[in-house]
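Protein chains in written order, with this note's numbering: chain A, 1 to 305; chain B, 1 to 305. Even glycine gets a Cβ: it sits at the ideal position worked out from N, Cα and C. Only a predicted model underlies this, so the values are computations on that prediction, with no experimental measurement involved.
2 protein chains.
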Amino acid sequence: MSRRTALGPGDDCAILAPSRAPRLFTIDSMVEDVHFRLGWGTPEKLGAKSLAVNLSDIAAMGGRPTACVVNLAVRAGLDMRFFERLYAGMRSLARATKVDIVGGNVTRADKLGITVALLGEVGAAAMRRDSARPGDEIFVTGTLGDSALGLRILAGKLSAPGKTRRALVERHLSPTARLAAGLALARMRPVPTAIDISDGLVQDLGHIAERSEVGAEIDATQIPVSKEYRTVMGDDLSLALGGGEDYELLFCLRPGRSEAELGRRLGVQVRRIGTIVRGRRVLVRNARGRTQPEVAGWDQLRGRL
Amino acid sequence: MSRRTALGPGDDCAILAPSRAPRLFTIDSMVEDVHFRLGWGTPEKLGAKSLAVNLSDIAAMGGRPTACVVNLAVRAGLDMRFFERLYAGMRSLARATKVDIVGGNVTRADKLGITVALLGEVGAAAMRRDSARPGDEIFVTGTLGDSALGLRILAGKLSAPGKTRRALVERHLSPTARLAAGLALARMRPVPTAIDISDGLVQDLGHIAERSEVGAEIDATQIPVSKEYRTVMGDDLSLALGGGEDYELLFCLRPGRSEAELGRRLGVQVRRIGTIVRGRRVLVRNARGRTQPEVAGWDQLRGRL
Numbered sequence: 001m002s003r004r005t006a007l008g009p010g011d012d013c014a015i016l017a018p019s020r021a022p023r024l025f026t027i028d029s030m031v032e033d034v035h036f037r038l039g040w041g042t043p044e045k046l047g048a049k050s051l052a053v054n055l056s057d058i059a060a061m062g063g064r065p066t067a068c069v070v071n072l073a074v075r076a077g078l079d080m081r082f083f084e085r086l087y088a089g090m091r092s093l094a095r096a097t098k099v100d101i102v103g104g105n106v107t108r109a110d111k112l113g114i115t116v117a118l119l120g121e122v123g124a125a126a127m128r129r130d131s132a133r134p135g136d137e138i139f140v141t142g143t144l145g146d147s148a149l150g151l152r153i154l155a156g157k158l159s160a161p162g163k164t165r166r167a168l169v170e171r172h173l174s175p176t177a178r179l180a181a182g183l184a185l186a187r188m189r190p191v192p193t194a195i196d197i198s199d200g201l202v203q204d205l206g207h208i209a210e211r212s213e214v215g216a217e218i219d220a221t222q223i224p225v226s227k228e229y230r231t232v233m234g235d236d237l238s239l240a241l242g243g244g245e246d247y248e249l250l251f252c253l254r255p256g257r258s259e260a261e262l263g264r265r266l267g268v269q270v271r272r273i274g275t276i277v278r279g280r281r282v283l284v285r286n287a288r289g290r291t292q293p294e295v296a297g298w299d300q301l302r303g304r305l
Numbered sequence: 001m002s003r004r005t006a007l008g009p010g011d012d013c014a015i016l017a018p019s020r021a022p023r024l025f026t027i028d029s030m031v032e033d034v035h036f037r038l039g040w041g042t043p044e045k046l047g048a049k050s051l052a053v054n055l056s057d058i059a060a061m062g063g064r065p066t067a068c069v070v071n072l073a074v075r076a077g078l079d080m081r082f083f084e085r086l087y088a089g090m091r092s093l094a095r096a097t098k099v100d101i102v103g104g105n106v107t108r109a110d111k112l113g114i115t116v117a118l119l120g121e122v123g124a125a126a127m128r129r130d131s132a133r134p135g136d137e138i139f140v141t142g143t144l145g146d147s148a149l150g151l152r153i154l155a156g157k158l159s160a161p162g163k164t165r166r167a168l169v170e171r172h173l174s175p176t177a178r179l180a181a182g183l184a185l186a187r188m189r190p191v192p193t194a195i196d197i198s199d200g201l202v203q204d205l206g207h208i209a210e211r212s213e214v215g216a217e218i219d220a221t222q223i224p225v226s227k228e229y230r231t232v233m234g235d236d237l238s239l240a241l242g243g244g245e246d247y248e249l250l251f252c253l254r255p256g257r258s259e260a261e262l263g264r265r266l267g268v269q270v271r272r273i274g275t276i277v278r279g280r281r282v283l284v285r286n287a288r289g290r291t292q293p294e295v296a297g298w299d300q301l302r303g304r305l
């Protein structure tokens, strides 16, 4: 526990020291047979991922995570060793990202479920979804679609050669929240517009479009994909556009920043993929013209493993 | 939303204004067929209760609740109207207790589950579980065992005449978090030791005993029960001692306070039920002597509806 935590687990509530910074607050959940199947990865990776998906929300606002509470829904058939390993994975990522796990609750259920509520702090200005303007350039960190491919491999819907398979599966099981990139972005002025890509590029860009009351045009040739993605998908960009669970940052800036400058600043590969325009629609431009993509993204209410 | 909330739902995180007070942080969950069955009460009552069980944790620390995030695990077969009503019930209690619902997340699941993570603020000193000393007197608010009876009536394991039935069922479906009593208690010096009774009197007193490294002796003749409890249970105190989900406050004070004075101060009936002693055991004294009660309390991992 850091000095920010006055009282950790074991009482009715945790007590956190006062803080002068505005606070961020978010919650996210992973449910067995909806978001994961047991046996796909280790309990440690599952524990870490259930924290990482929340860290990604803090990263998207440009904040620093501080403290979390965990609700564990446990089912019959899982032994204490399983939960020790799950918790060890979560604790290890928490330590690496300076998060105190300050409390929790355990309940019975039919399926394993891990819900994390995470607090963070943010400096003078948080990055929001509602500040994009026509003319802004749209950027994305890392590569897209790898996690969706890893999921399909794990679900037995797709096969890939050994090394490719391992790389894609790892992207799915162990996503990296772009915390350092988020902090670097939030120091820029004017403050960028940002979101993390959890539902899929087109759907999450749609969230920026909706909240900012703008449209967006993506250049399909600029979508960053990994060599593993190319190996499996060739020129098919559908999972890079709508796969989901990338946990990369999607952000919009006033024009004039180079990919190279941003990459140095953020410590991660950055690609310019399009432009904010008037209107409300998210369009993808490729050799055949501009189309409104039909990718549904990862809609959690309809999604199937 | 209050002025404490700079940005509510709709972005990656909520943004809360800075605060100079120490903060409380807690999480609790209600799962279908573990904590409730649909059809037992209205969706509104279910929504309110899933917030109330968290408010009770803030009350037990002597704090003021401020903001919450909600994770909703939804299953097939429940329509939008159901969730609107559930949310209306939660929002209504949130408004009454000055809580901002600042964010949420929705996931699919096999069973309905409502998880609330709640923040609060606390004044100079929070009430903890670890400060009881031998000689302290043990008090409890309200009456005990009603909720456990209501649960058994709802589960069809018990019957009761109409008015009694309705009163007991209502105690189970619509618990009241003792927020005002908690605030009043936390202003006393020395700061009381406190916990809310969610697992059952004996089990929760055991939590105080464990954290404070003391024992406790309860006088069975002083356990407060309602006339509805007497109607159904007669002299059997087992559900008052170990029923659970009372959401009353259990607290320990240096000797010398009268029930009447405390009742006025806390705005609720207060009963002195025993004394903190040396040792580690929680004993119940009745006409036949002192015994270690066998009530297991509401152990969520073993409990069955």
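- Between residue 173(B) and the set 24(B), 38(B), 5(B), the nearest pair of CA atoms involves 38(B).
- For residue 169(B), the three-state secondary structure derived from DSSP is helix.
- Residue-level contact by beta carbon holds for residue 104(B) and chain A, with a gap shorter than 8 Å.
- Around the beta-carbon of residue 127(B), 16 or more other beta-carbon atoms lie within 10 Å, marking it buried.
- For residue 204(A), the closest alpha carbon among the candidates 164(A), 191(A), 247(A), 178(A) is that of 247(A).
- Annotated as proximal: residue 27(A) and residue 103(B), with beta-carbon spacing under 8 Å.
- Taking C-beta separations shorter than 7 Å and ignoring five residues to either side along the sequence, the partners of residue 36(A) in its chain run 30, 46, following chain order.
- A distance below 8 Å between beta-carbons, with the five flanking residues on each side excluded, links residue 17(B) to the following residues of its chain, in chain order: 3, 4, 5, 6.
- For residue 194(B), the closest alpha carbon among the candidates 182(B), 187(B), 202(B) is that of 182(B).
- Counting of Cβ neighbours within 10 angstroms places residue 49(B) among the buried residues, the total reaching 16 or more.
- With a 10 Å radius around the Cβ and a threshold of 16 neighbouring Cβ atoms, residue 221(B) comes out exposed.
- Looking from the CA of residue 211(A), the closest CA among 279(A), 165(A), 24(A), 263(A) belongs to 279(A).
- Under the three-state reduction of DSSP, residue 255(A) is assigned to coil, being neither helix nor strand.
- Going by DSSP, residue 43(B) is part of no beta strand (DSSP E) but of the alpha helix (DSSP H) stretching over 43-61.
- Its chain contains 8, 100 as the residues whose beta carbon lies nearer than 7 Å to that of residue 1(B), once the 5 sequence neighbours on both sides are disregarded; these appear in chain order.
- Between residue 64(B) and residue 164(A), the alpha-carbon positions lie close to 53 Å from each other.
- Among the residues facing chain A, residue 268(B) is not included, as its CB has no counterpart in that chain under 8 Å away.
- Listed as beta-bridge partners of residue 103(B) by DSSP are 69(B).
- Taking a contact as a CB-CB distance under 8 Å, the pair residue 150(B) and residue 171(B) counts as one, their CB atoms being some 5 Å apart.
- Secondary structure at residue 270(A): strand, using DSSP grouped into helix, strand and coil.
- Distance from the CA atom of residue 281(A) to the CA atom of residue 61(B), rounded to whole angstroms, is 49 Å.
- Within the same chain, Cβ atoms closer than 8 Å to the Cβ of residue 121(A) are found at 19, 21, 22, 23, 24, 63, 64, 66, the five residues on either side in sequence being excluded.
- When the five nearest sequence neighbours on each side are left out, the beta carbons in the same chain lying within less than 6 Å of the beta carbon of residue 178(B) are those of 59, 141, 249, in order along the chain.
- In terms of Cβ geometry, residue 117(B) and residue 74(B) do not form a close pair [threshold 8 Å].
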